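Quick note, the sequences are listed as chains S and F, same order. Using this note's numbering, the first residue of the first sequence is number 1, and each one after it goes up by one. Using this note's numbering, the first residue of the second sequence is number 1, and each one after it goes up by one.
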Amino acid sequence: GAVVSQHPSWVICKSGTSVKIECRSLDFQATTMFWYRQFPKQSLMLMATSNEGSKATYEQGVEKDKFLINHASLTLSTLTVTSAHPEDSSFYICSATKYGGTYEQYFGPGTRLTVT
Amino acid sequence: EDQVTQSPEALRLQEGESSSLNCSYTVSGLRGLFWYRQDPGKGPEFLFTLYSAGEEKEKERLKATLTKKESFLHITAPKPEDSATYLCAVQAESGGSEKLVFGKGTKLTVNP
Numbered sequence: 001g002a003v004v005s006q007h008p009s010w011v012i013c014k015s016g017t018s019v020k021i022e023c024r025s026l027d028f029q030a031t032t033m034f035w036y037r038q039f040p041k042q043s044l045m046l047m048a049t050s051n052e053g054s055k056a057t058y059e060q061g062v063e064k065d066k067f068l069i070n071h072a073s074l075t076l077s078t079l080t081v082t083s084a085h086p087e088d089s090s091f092y093i094c095s096a097t098k099y100g101g102t103y104e105q106y107f108g109p110g111t112r113l114t115v116t
Numbered sequence: 001e002d003q004v005t006q007s008p009e010a011l012r013l014q015e016g017e018s019s020s021l022n023c024s025y026t027v028s029g030l031r032g033l034f035w036y037r038q039d040p041g042k043g044p045e046f047l048f049t050l051y052s053a054g055e056e057k058e059k060e061r062l063k064a065t066l067t068k069k070e071s072f073l074h075i076t077a078p079k080p081e082d083s084a085t086y087l088c089a090v091q092a093e094s095g096g097s098e099k100l101v102f103g104k105g106t107k108l109t110v111n112p
């Protein structure tokens, strides 16, 4: 199998606060983890790519100081949305590729963030 | 720039009515083309990877094929539980990046 979990599945926070989302690969070690956001009825937009023990690579237009990514181990990556604002409300999804595997990305169930 | 275009945007079928979804792509050297299924409010579920033109893969009622410019996802005798959005994505060989470029998806509805 290739199971990826995310926690929390949904979160509501007040404007100006920070929120941390965890992404775990449960039954495999992940070479690389990816963070996406998805707006209603739109496709996935890659935010950043992270490898264990190194700095994340952010896509053009994504604020690295606002979306902090930490990839502390081969099974855990976290995304922290700092000083959240209502426009950060979205569906955040992580994915992972298997260490020693091929290129398929396995996705988590997503986290719905609402900033009030 | 790598691009993926999926058609149609939405498709309604009657149960048992077979059809195909299209994914056209332009990429500077294809490493792989991926099909995913996404249910509302959930993350995408991996279906297939295709690596080279002429390759085909099957899983239950789904069959994916690949040419040098496009991929098709054929759905044979669909059931209501096949209703979902089907996403196509490509990964380029160049640059060493593993990033996927996604199309906007085809929303499939299968009526009983």
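We treat Cβ as the ideally placed atom computed from N, Cα and C, and that holds for glycine. Since the model is a prediction, treat every value here as computed from it, not as a measurement.
- Nearest to S/F28 by alpha-carbon distance, out of S/N51, S/T49, S/Q38 and S/G1, is S/G1.
- Closer than 7 Å to the CB of F/K59 there is not a single CB belonging to chain S.
- Residue-level contact check: F/P40 does not touch chain S, since none of the beta carbons of chain S fall below 7 Å from its beta carbon.
- Residues of the region 90 to 108 of chain S that bring their beta carbon within less than 9 Å of a beta carbon in chain F comprise F91, I93, C94, S95, T97, T102, Y103, E104, Q105, Y106, F107 and G108, in sequence order.
- Excluding sequence positions up to five before and after S/H85, its CB lies within less than 7 Å of the CB of S15 and V115, all in the same chain and listed in chain order.
- A residue is called buried once 16 or more other Cβ atoms fall within 10 Å of its Cβ, and S/L26, having fewer, is exposed.
- Contact with chain F is found for S/G110, since one of that chain's Cβ atoms lies less than 7 Å from the residue's Cβ.
- Annotated as distal: S/T82 and S/S5, with beta-carbon spacing of 7 Å or more.
- Closest by C-alpha distance to F/T106, out of F/L87, F/Q91 and F/S94, is F/L87.
- About 4 Å separates the beta carbons of F/E93 and F/G29, which is inside the 8 Å limit, making them a contact pair.
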